[in-house]
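Read the structure below first, then the notes.
2 protein chains.
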Amino acid sequence: MLKKPSIPKGTRDFNPEEVSRRNYIFSTIKETFSLYGFQPIETPSFENSETLMGKYGEEGDRLIFKILNSGDYLSKVDDKLYSEKDSNKITAKISEKALRYDLTVPFARYVVQHQNEITFPFKRYQIQPVWRADRPQKGRFREFFQCDADVVGSTSLWQEVEFVQLYDAVFSKLGLKDVTIKINNRKILSGIAETIGAEDKLIDFTVALDKLDKIGEEGVKKEMREKGISEDALQKLQPLFSFKGDNNEKLSLLKNMLINSNLGMKGVEELEFITKNIEILALAAASLQIDVTLARGLNYYTGAIFEVSAPAEVNMGSIGGGGRYDDLTGIFGLKDMSGVGISFGLDRIYLVLEELNLFPETAAENSKALFINFGEKEALYAMKAINSLRKVGVKAELYPDAAKMGKQMGYADKRNIPFTVLAGEKEMEAQSFTLKNMKSGEQSEVTYSDLEKHLR
Amino acid sequence: MLKKPSIPKGTRDFNPEEVSRRNYIFSTIKETFSLYGFQPIETPSFENSETLMGKYGEEGDRLIFKILNSGDYLSKVDDKLYSEKDSNKITAKISEKALRYDLTVPFARYVVQHQNEITFPFKRYQIQPVWRADRPQKGRFREFFQCDADVVGSTSLWQEVEFVQLYDAVFSKLGLKDVTIKINNRKILSGIAETIGAEDKLIDFTVALDKLDKIGEEGVKKEMREKGISEDALQKLQPLFSFKGDNNEKLSLLKNMLINSNLGMKGVEELEFITKNIEILALAAASLQIDVTLARGLNYYTGAIFEVSAPAEVNMGSIGGGGRYDDLTGIFGLKDMSGVGISFGLDRIYLVLEELNLFPETAAENSKALFINFGEKEALYAMKAINSLRKVGVKAELYPDAAKMGKQMGYADKRNIPFTVLAGEKEMEAQSFTLKNMKSGEQSEVTYSDLEKHLR
Numbered sequence: 003m004l005k006k007p008s009i010p011k012g013t014r015d016f017n018p019e020e021v022s023r024r025n026y027i028f029s030t031i032k033e034t035f036s037l038y039g040f041q042p043i044e045t046p047s048f049e050n051s052e053t054l055m056g057k058y059g060e061e062g063d064r065l066i067f068k069i070l071n072s073g074d075y076l077s078k079v080d081d082k083l084y085s086e087k088d089s090n091k092i093t094a095k096i097s098e099k100a101l102r103y104d105l106t107v108p109f110a111r112y113v114v115q116h117q118n119e120i121t122f123p124f125k126r127y128q129i130q131p132v133w134r135a136d137r138p139q140k141g142r143f144r145e146f147f148q149c150d151a152d153v154v155g156s157t158s159l160w161q162e163v164e165f166v167q168l169y170d171a172v173f174s175k176l177g178l179k180d181v182t183i184k185i186n187n188r189k190i191l192s193g194i195a196e197t198i199g200a201e202d203k204l205i206d207f208t209v210a211l212d213k214l215d216k217i218g219e220e221g222v223k224k225e226m227r228e229k230g231i232s233e234d235a236l237q238k239l240q241p242l243f244s245f246k247g248d249n250n251e252k253l254s255l256l257k258n259m260l261i262n263s264n265l266g267m268k269g270v271e272e273l274e275f276i277t278k279n280i281e282i283l284a285l286a287a288a289s290l291q292i293d294v295t296l297a298r299g300l301n302y303y304t305g306a307i308f309e310v311s312a313p314a315e316v317n318m319g320s321i322g323g324g325g326r327y328d329d330l331t332g333i334f335g336l337k338d339m340s341g342v343g344i345s346f347g348l349d350r351i352y353l354v355l356e357e358l359n360l361f362p363e364t365a366a367e368n369s370k371a372l373f374i375n376f377g378e379k380e381a382l383y384a385m386k387a388i389n390s391l392r393k394v395g396v397k398a399e400l401y402p403d404a405a406k407m408g409k410q411m412g413y414a415d416k417r418n419i420p421f422t423v424l425a426g427e428k429e430m431e432a433q434s435f436t437l438k439n440m441k442s443g444e445q446s447e448v449t450y451s452d453l454e455k456h457l458r
Numbered sequence: 003m004l005k006k007p008s009i010p011k012g013t014r015d016f017n018p019e020e021v022s023r024r025n026y027i028f029s030t031i032k033e034t035f036s037l038y039g040f041q042p043i044e045t046p047s048f049e050n051s052e053t054l055m056g057k058y059g060e061e062g063d064r065l066i067f068k069i070l071n072s073g074d075y076l077s078k079v080d081d082k083l084y085s086e087k088d089s090n091k092i093t094a095k096i097s098e099k100a101l102r103y104d105l106t107v108p109f110a111r112y113v114v115q116h117q118n119e120i121t122f123p124f125k126r127y128q129i130q131p132v133w134r135a136d137r138p139q140k141g142r143f144r145e146f147f148q149c150d151a152d153v154v155g156s157t158s159l160w161q162e163v164e165f166v167q168l169y170d171a172v173f174s175k176l177g178l179k180d181v182t183i184k185i186n187n188r189k190i191l192s193g194i195a196e197t198i199g200a201e202d203k204l205i206d207f208t209v210a211l212d213k214l215d216k217i218g219e220e221g222v223k224k225e226m227r228e229k230g231i232s233e234d235a236l237q238k239l240q241p242l243f244s245f246k247g248d249n250n251e252k253l254s255l256l257k258n259m260l261i262n263s264n265l266g267m268k269g270v271e272e273l274e275f276i277t278k279n280i281e282i283l284a285l286a287a288a289s290l291q292i293d294v295t296l297a298r299g300l301n302y303y304t305g306a307i308f309e310v311s312a313p314a315e316v317n318m319g320s321i322g323g324g325g326r327y328d329d330l331t332g333i334f335g336l337k338d339m340s341g342v343g344i345s346f347g348l349d350r351i352y353l354v355l356e357e358l359n360l361f362p363e364t365a366a367e368n369s370k371a372l373f374i375n376f377g378e379k380e381a382l383y384a385m386k387a388i389n390s391l392r393k394v395g396v397k398a399e400l401y402p403d404a405a406k407m408g409k410q411m412g413y414a415d416k417r418n419i420p421f422t423v424l425a426g427e428k429e430m431e432a433q434s435f436t437l438k439n440m441k442s443g444e445q446s447e448v449t450y451s452d453l454e455k456h457l458r
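Quick note, the sequences are listed as chains D and Y, same order.
Residue numbering for the first sequence follows my numbering, beginning at 3 and increasing consecutively.
Residue numbering for the second sequence follows my numbering, beginning at 3 and increasing consecutively.
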């Protein structure tokens, strides 16, 4: 007996119900992207290693899956290097391709490679899997889908406004209420650091501030002191610790605080443009909240920063995020291409919808009726009806074998098929069908046209 | 200046139009699969190497993309083996995972691994990319999608009947007429080999026969003689060279020829069941033709063999194929699991639809209207209308910047957006919009509700 086969850790098989539910989320997102004027692109699963390596930091490079060259790949490693037996040095010689780590770098590569065919501003979306050799853990996988939408080639803040609306539209359609879209601006964080005289400690300062929720005011101050931020600076920071109220109150407070920082005031202005217009245009299900502690992606975001929190009742954290970056494509030699984008965290959204029981029943693709197979003649009679039903879009199927009735009924039951149709000699003679509701057990003899009416 | 980035040979970027057109084909196939009671599964992009290796022959093994282990992978290679510098031997030590080569082996693995959760007969479909380190050439790629539907767990010939109908349904929906579904049966080929006394030369015999179209009767006979098939055997084979007529005539001829072969007669009976029932149920766009020269997948098919030819007017060859296999899962230790399946050749179908100009215009996702941006106030006025349009499903967007009119119009033009909407001070005052047809150049001032009516 062979060992039962398995799949690599951190990867998943998806059964029909899971695929259908995932597709329900994907298609809701896709439809909305499309409604907002975004167009789909797709890039190859693997890229040349030089495209990916060095773009995600040292840790990222380590997590990229490398593909072994084909053929006698070792023959291209010179003997001296080979004799060192150094995995790091040899990798570049025996592997020229790697699985994509995210969709952003391939998108940047795409924009540069196809710059002459693209009409800018370019609004693209991309929904494809990415791979990371991360340590697998609950909710973290080695293969997972990313759903990204970006616009490149315009600095207009209307894009940020639209992304907030887009998040709201998707989560409304998914029936997910009480979603919070948190917004911040990199320029505000820089402005604060400037104002308190800690410009050189921007990262330390924001990393500490980001923990306000978790470790409280005293915790944050303690960490800042440890990082060398002065008492005087902490004093100036005080207003942030009592940062409350609605977006307009927060904006006033920020204006007071950042009055002497041009960069900071620019950030406040940008934030104000977005919140003001969103207030006028109104959201359906989500709320937009200024959160100055939000500091994700600080090494590449240059303007707006977004993060979406699941409803408080589920303990899930962020289900989406994004922001504005001023130089997406510089790494590939195309300068001054500003962009802004957001992404949806599919796996977490799935868990949230599952926990809140928000998947519609129709999300699971399934047949509406199973025709019981009583033998060759009866099966042909059934197939004719099935044929007609399929032509009008009714999902119907024949049990393939003339097995015992109980087995066939059991099959319909296990597959959750809501109706069975029985047509034996008697029905064939009467040109009728016996339709059975699998839930109630009710059954009745009907003509084909009634059958179609019922199942449609 | 950096070198312009590129992608690995044999891979492709897909631009918005291509993605939309591919999705049009995918969704037509998916809908039909679903209509016929098939349910989707998905498996990981990479499998454990032991799952894939040894399943596709030596040549196949070579074409499988292997993934390098993470970390200091060379430390696990013992020094003696390492010193041999033999790529083949070292691969197994430094690579434990590989990209899937097709969808069949992962499906077999899935069935065995999840056998206790699956309700048999299991009708699954799977549409995912596969990877092969093949030499790239016209129409052959290193990354491409396969679209497979299979039923496992039943030997019923109704499945074969349904697959013929399914092919017909998909190609009808795609508007592809004059598709030929060729059908043969492995048992008939074995029966003929038996009848002519060349059982031990089944492969040589079928490989030669398969070339009848290309090299003609004399060519086939010459090749058979070279392979050691006797004159006596060729004599018995003679009826096949004048194998003409409709399916019923062909069946009569086969019955005469195979009267002394039980296996052969079983094949004829199976073929007859399928063709007879398809004749009664009738096809919409395709024709089903018995073709005894058809010999694809002979090393695994055990019953029906299918191959679909594109319309003769396009020189494309096979756009789909499949067949019955008696032992899908035996390689993973689960015996006696009969299955039958078909697949669609996406890339070739794409080329055929393109050549015959069969892609509907709607296949390209695109915005219906671009609102011209005249500045902040006007943009907000436009955004309110865009908001309302999106709520009723109209794809509309705002040009993000208040750029020159010509630039904005040019953008709509290049993106093939059919309408532009202009709303400046005058329109704002009148609570109206100027709608411009980009094709005809016609424009008129309309209310919001007329605008919606026009664009809907």
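We put the beta carbon where it would ideally sit given N, CA and C, even for glycine.
The region 37-55 of chain D: which residues have C-beta closer than 7 Å to a C-beta of chain Y, in chain order?
Answer in chain order: 37, 38, 39, 41, 42, 43, 44, 45, 46, 47, 48, 49, 50, 53.
Using the three-state DSSP reduction, which class does residue 241 (chain D) fall into: helix, strand or coil?
Here residue 241 (chain D) sits in helix by DSSP.
Please determine, among D:435, D:185, D:271, D:27, the residue with the shortest C-alpha to C-alpha distance to residue 383 (chain D).
Among D:435, D:185, D:271, D:27, the Cα nearest to that of residue 383 (chain D) is on D:435.
Secondary structure at residue 413 (chain D), three-state DSSP: helix, strand or coil?
If DSSP states are grouped into helix, strand and coil, residue 413 (chain D) belongs with the helices.
At the level of alpha carbons, what is the spacing between residue 331 (chain D) and residue 340 (chain D)?
When rounded, the distance between both Cα atoms is 9 Å.
Would you kindly work out how many angstroms separate the C-alpha atoms of residue 296 (chain Y) and residue 34 (chain D), rounded to a whole number?
Rounded to the nearest angstrom, the two C-alpha atoms are 46 Å apart.
Determine, using beta-carbon pairs with one atom in the region 147-158 of chain D and one in the region 49-67 of chain Y, whether at least three such pairs fall under 8 Å.
Because the criterion of three Cβ pairs below 8 Å is not met, the region 147-158 of chain D and the region 49-67 of chain Y do not touch.
Measuring only between beta-carbons, confirm whether residue 294 (chain D) sits less than 9 Å from chain Y.
It does not; no Cβ of chain Y falls within 9 Å.
Taking C-alpha atoms, which residue in Y:400, Y:26, Y:412 lies nearest to residue 37 (chain D)?
Of Y:400, Y:26, Y:412, the residue nearest in Cα terms is Y:400.
Can you list, in chain order, the stretches of the beta strand (DSSP E) that have 3 or more residues and sit fully within the region 157-200 of chain Y?
Listed in chain order, the complete beta strand (DSSP E) runs (minimum 3 residues) inside the region 157-200 of chain Y are 181-187.
Taking only beta carbons into account, state which residues of the region 96-115 of chain Y come closer than 7 Å to chain D, listed in chain order.
Under the 7 Å Cβ criterion, the region 96-115 of chain Y contributes 97, 99, 111, 112, 114, 115.
Return the first residue and the last residue of the beta strand (DSSP E) that residue 388 (chain Y) is part of.
Where residue 388 (chain Y) is concerned, there is no enclosing beta strand (DSSP E), although the alpha helix (DSSP H) it sits in stretches over 378-393.
Is there a Cβ of chain D sitting closer than 9 Å to that of residue 166 (chain Y), yes or no?
Answer no: the Cβ-Cβ gap between residue 166 (chain Y) and chain D never drops below 9 Å.
Quick check on residue 170 (chain D): buried or exposed, where buried means 16 or more other Cβ atoms within 10 Å of its Cβ?
Buried: at least 16 other Cβ atoms inside 10 Å.
Assess, as a yes-or-no matter, whether the region 291-311 of chain Y is touched by the region 223-237 of chain Y under the definition of 3 or more beta carbon pairs within less than 8 Å.
With the cut-off at 8 Å, the region 223-237 of chain Y and the region 291-311 of chain Y do not touch.
Pair every Cβ in the region 257-271 of chain D with every Cβ in the region 187-194 of chain D, then say whether three or more of these pairs are closer than 8 Å.
Taking 8 Å as the limit for Cβ pairs, the verdict is that the region 187-194 of chain D does touch the region 257-271 of chain D.
With a floor of 3 residues, list each beta strand (DSSP E) that falls wholly inside the region 97-148 of chain D, ordered by position along the chain.
Within the region 97-148 of chain D, the complete beta strand (DSSP E) runs of at least 3 residues are 99-101, 124-133.
Considering just the uninterrupted stretch of the beta strand (DSSP E) at residue 324 (chain Y), what are its terminal residues?
Residue 324 (chain Y) -> beta strand (DSSP E) spans 320-327.
Counting only Cβ pairs nearer than 7 Å, list the residues of chain Y close to residue 21 (chain D).
Within chain Y, the residues near residue 21 (chain D) are 42, 43, 44.
Is it the case that the region 313-324 of chain D contacts the region 343-361 of chain D, given that we only count it when at least three CB pairs across the two stretches are under 8 Å?
They touch, by the three-pair rule.
Between the region 401-419 of chain D and chain Y, which residues of the former have CB atoms less than 7 Å from a CB of the latter, in chain order?
Against chain Y - using a Cβ distance shorter than 7 Å - the residues of the region 401-419 of chain D are 402, 403, 413, 416, 417.
Measuring only the C-alpha atoms, how far is residue 131 (chain D) from residue 377 (chain D)?
Going from the Cα of residue 131 (chain D) to the Cα of residue 377 (chain D) covers about 45 Å.
Cα-Cα, which of Y:233, Y:290, Y:390 is closest to residue 250 (chain Y)?
The residue with the shortest Cα to Cα distance from residue 250 (chain Y) is Y:290.
Quick one: which residues of the region 376-389 of chain Y get their C-beta closer than 7 Å to a C-beta of chain D? List them in chain order.
Listed by position, the residues of the region 376-389 of chain Y near chain D (Cβ gap below 7 Å) are 381, 382, 385, 386, 389.
Any idea if residue 49 (chain Y) is buried or exposed, counting beta-carbon neighbours within 10 angstroms, 16 or more meaning buried?
Its Cβ being crowded by 16 or more others within 10 Å, residue 49 (chain Y) is buried.
Could you check if residue 276 (chain Y) is buried or exposed, using at least 16 other CB atoms within 10 Å of its CB as the buried criterion?
By the neighbour-count rule (16 or more Cβ atoms within 10 Å), residue 276 (chain Y) is buried.
Give me the residue from D:287, D:196, D:452, D:312 with the minimum Cα distance to residue 261 (chain D).
Looking at the Cα atoms, D:196 is the closest of the given residues.
Is residue 308 (chain D) near the ligand MG, going by C-beta to nearest heavy atom under 8 Å?
No copy of the ligand MG appears in this structure; indeed no ligand is present at all.
Count the other CB atoms, across all protein chains shown, that sit within 10 Å of the CB of residue 71 (chain D); report buried if there are 16 or more and exposed otherwise.
Result: buried.
Give me the residue from Y:329, Y:25, Y:157, Y:325 with the minimum Cα distance to residue 176 (chain Y).
For the residues Y:329, Y:25, Y:157, Y:325, the minimum Cα distance to residue 176 (chain Y) belongs to Y:25.
When you compare only the Cα positions, how much space is there between residue 114 (chain D) and residue 335 (chain D)?
Rounded to whole angstroms, residue 114 (chain D) to residue 335 (chain D) spans 8 Å at the Cα level.
So which residues on chain D does residue 352 (chain Y) lean against when the C-beta distance must stay under 7 Å?
Here the premise fails: no neighbours, minimum Cβ distance about 13 Å.
Report the three-state DSSP secondary structure of residue 70 (chain Y) (helix, strand or coil).
Here residue 70 (chain Y) sits in coil by DSSP.
Going by C-alpha distance, which of Y:387, Y:441, Y:23 is nearest residue 454 (chain Y)?
Of the listed residues, the one whose Cα sits closest to residue 454 (chain Y) is Y:387.
If we ignore side chains and look at the alpha-carbon of each, how far apart do residue 257 (chain Y) and residue 438 (chain D) end up?
One C-alpha to the other measures close to 43 Å.
Step through the CB atoms of chain D and report whether any lies within less than 9 Å of the CB of residue 199 (chain Y).
Judged by the 9 Å Cβ criterion, residue 199 (chain Y) is not in contact with chain D.
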